[in-house]
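Student: Dropping a structure here in structure tokens format, bear with me for questions.
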Amino acid sequence: MDLSRSLYGDLAGGDTAAHEHLSDAAFLGAIVEFEGALADAAERAGVIDPAAARAAREAVAGFEIDSVTLTDIAVASAAGGNPAIPIAAELKRRAGEHTGGVHVGATSQDAVDTALVLCARRAVGRMDTALHGVEQLLADLARTHRDTPLMGRTLGQQALPTTFGAVAAGWLEGLSHAAGRLRAAADALPVQYAGATGNLVATHPDGLKVHDLLAEGLGLAAVPVVWHTNRQPLVDVGLAAAQVAGAVRKIAGDVVAYSATEIGELAEATPGGSSSMPHKANPAAAVACDGYARRTPALASTLIDSLDCRWQRGVGSWHAEWQTLRDLLAATASAVSRIRASLDGIRVDTDAMARNIALTGHDLNNIDTGHAGDIVDAALHQQEGHHDGLRDD
Numbered sequence: 001m002d003l004s005r006s007l008y009g010d011l012a013g014g015d016t017a018a019h020e021h022l023s024d025a026a027f028l029g030a031i032v033e034f035e036g037a038l039a040d041a042a043e044r045a046g047v048i049d050p051a052a053a054r055a056a057r058e059a060v061a062g063f064e065i066d067s068v069t070l071t072d073i074a075v076a077s078a079a080g081g082n083p084a085i086p087i088a089a090e091l092k093r094r095a096g097e098h099t100g101g102v103h104v105g106a107t108s109q110d111a112v113d114t115a116l117v118l119c120a121r122r123a124v125g126r127m128d129t130a131l132h133g134v135e136q137l138l139a140d141l142a143r144t145h146r147d148t149p150l151m152g153r154t155l156g157q158q159a160l161p162t163t164f165g166a167v168a169a170g171w172l173e174g175l176s177h178a179a180g181r182l183r184a185a186a187d188a189l190p191v192q193y194a195g196a197t198g199n200l201v202a203t204h205p206d207g208l209k210v211h212d213l214l215a216e217g218l219g220l221a222a223v224p225v226v227w228h229t230n231r232q233p234l235v236d237v238g239l240a241a242a243q244v245a246g247a248v249r250k251i252a253g254d255v256v257a258y259s260a261t262e263i264g265e266l267a268e269a270t271p272g273g274s275s276s277m278p279h280k281a282n283p284a285a286a287v288a289c290d291g292y293a294r295r296t297p298a299l300a301s302t303l304i305d306s307l308d309c310r311w312q313r314g315v316g317s318w319h320a321e322w323q324t325l326r327d328l329l330a331a332t333a334s335a336v337s338r339i340r341a342s343l344d345g346i347r348v349d350t351d352a353m354a355r356n357i358a359l360t361g362h363d364l365n366n367i368d369t370g371h372a373g374d375i376v377d378a379a380l381h382q383q384e385g386h387h388d389g390l391r392d393d
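Residue numbers are given in UniProt numbering: position 382 of the sequence shown equals residue 382, and the series is strictly consecutive.
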């Protein structure tokens, strides 16, 4: 695992697949990747000659982000305020007489924004595997317990009976909605290539051609063409990630509550212990999910605050995004991983559910759960249709 992220926080999350794309090394490596793709696009557009493009590609191929170069770039970044400046300078040095093939018509924000987008796209892609796994676990619970009576609780008190299947279906619908938003936001993330003040003057009249070829080469969207001070694409993916975190936090909170000793309706398959109380069987995975998810609202609010940009370059607001978005996605990925662990093999105690229903005098042989079963069926139908659509794509 890359040590340029949070070693404890990421490993304790249980799955580092997404985090590998969110490290400092991955971020800086994506800046280098941008420069290589830009040289290719500029050559295809006829802006630079093949020799310059070849020199740029060779410079990129030999530039490895290891612990030494990462440290050097970080120290050098203090002078200009962003890592693209020292990376471009080093690539130009390596390109020798063909320095014109590096950073063609670009500004630092083009490289940094595109690198951040690449990291986010890849991290969400890896997270999506875990999200599908959680959705399937929830669908299985809803289907299996479609008609399992469970006491409904409102404002901390017993209310009227429902079914555990309906509860799981509600979890599924909330998560599926949020996950769909995250997938769409990640798919829509655009390349950034606009030049010093956002008008591509350095590569005019071929700037838009370079832009579109660059987007094609990196597999990114080509619109909006310029978003130096329109930060909506990053806010979209950040808020969608926070929404996913909120959805799994809801599930985690319910699991913890249903696992309480006095209720005993759910129990994680591999509960955690206590350093001082050996009798405890803590819903540790759900608790960890809650902890990771709680970090996301504040991180999302920082991205919203970064919408306030000055003139043609954000003053501090732009700089605040680089770590914030990556931390937000990492926390969300860990929360998703932990709720998946919590739900995998979770034990449902139907006897405890029946006992708790009886506490308020309900006749266990004559329980009316209304349309709970129909609600489960609708949620499962919607989920199956959604996944059929994904397979068609």
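Cβ atoms here follow ideal geometry from the backbone N, Cα and C, with glycine treated the same way. Predicted model only: the values in this text are computed from it and were never measured.
Taking the alpha carbon of Glu64 as the reference point, which residue from Ala45, Pro297, Phe27 and Leu141 has its own alpha carbon closest?
Tutor: Of the candidates Ala45, Pro297, Phe27 and Leu141, the one whose C-alpha sits nearest the C-alpha of Glu64 is Phe27.
Student: Under a three-way DSSP split, which group does Leu150 fall into?
Tutor: Strand, per DSSP.
Student: Considering only C-alpha positions, which residue in the set Thr114, Asp15 and Arg355 is nearest to Thr129?
Tutor: Nearest C-alpha to Thr129: Asp15.
Student: For the region 183-195 against the region 158-168, are there 3 or more C-beta pairs whose distance is under 8 Å?
Tutor: With a cut-off of 8 Å, the region 158-168 and the region 183-195 do not count as touching, because too few Cβ pairs lie within range.
Student: Who are the Cβ neighbours of Ala320 in its own chain at under 7 Å, not counting the five residues just before and after it?
Tutor: Counting only Cβ-Cβ distances below 7 Å, and skipping sequence neighbours, we find Thr302 and Ser306.
Student: Just the Cα atoms here: how many angstroms apart are Ala184 and Leu239?
Tutor: Taking the straight line joining both Cα atoms gives about 12 Å.
Student: Alpha carbon to alpha carbon, how far is Thr99 from Arg93?
Tutor: Each residue's Cα considered, the two are about 7 Å apart.
Student: Under the assumption that Ala18 contacts Met127 (Cβ atoms under 8 Å), give the Cβ distance between them as a whole number of angstroms.
Tutor: Indeed they touch by this definition, with Cβ atoms about 4 Å apart.
Student: Skipping 5 residues on each side, what residues in its chain have a beta carbon closer than 7 Å to that of Leu22?
Tutor: Within the same chain, Leu22 has close Cβ partners Arg5, Cys119, Ala123, Arg326, Leu329 and Ala330.
Student: If you follow the beta strand (DSSP E) that Leu160 is in, where does it begin and where does it stop?
Tutor: That run of the beta strand (DSSP E) goes Gln157 to Thr163.
Student: How many angstroms separate the CA atom of Ile367 from the CA atom of Leu359?
Tutor: In a straight line, the C-alpha of Ile367 is about 14 Å away from that of Leu359.
Student: When you compare each of Ala298, Asp110, Ala285 and Ala51 to Thr229 by their alpha carbons, which one comes out closest?
Tutor: When only C-alpha atoms are compared, the closest one is Asp110.
Student: Ser108: buried (16+ other C-beta within 10 angstroms of its C-beta) or exposed?
Tutor: Result: buried.
Student: Within the continuous alpha helix (DSSP H) that includes Ala330, where are the two ends?
Tutor: First-last of the alpha helix (DSSP H) with Ala330: Ser317 to Leu343.
Student: In whole angstroms, give me the CA-to-CA distance for Ala30 and Gly80.
Tutor: Computed Cα separation, rounded: 19 Å.
Student: Please state the DSSP three-state secondary structure of Pro190.
Tutor: In the structure shown, Pro190 sits in a strand (DSSP, three-state: E or B).
Student: Residue range of the alpha helix (DSSP H) that His211 falls in?
Tutor: Run containing His211: Gly207 to Leu218, per the alpha helix (DSSP H) assignment.
Student: I'd like to know whether the C-beta atoms of Ala169 and Ala202 end up nearer to each other than 8 Å.
Tutor: No. Outside cutoff.
Student: Check whether the Cβ atoms of Arg146 and Val376 sit closer than 8 Å, and answer yes or no.
Tutor: Cβ atoms of Arg146 and Val376: closer than 8 Å.
Student: So, for Met1: in the same chain, excluding its five sequence neighbours on each side, which residues have a beta-carbon less than 6 Å away from its beta-carbon?
Tutor: Bear in mind that a pLDDT of 47 at Met1, under 50, signals an unreliable position, so the model cannot answer this.
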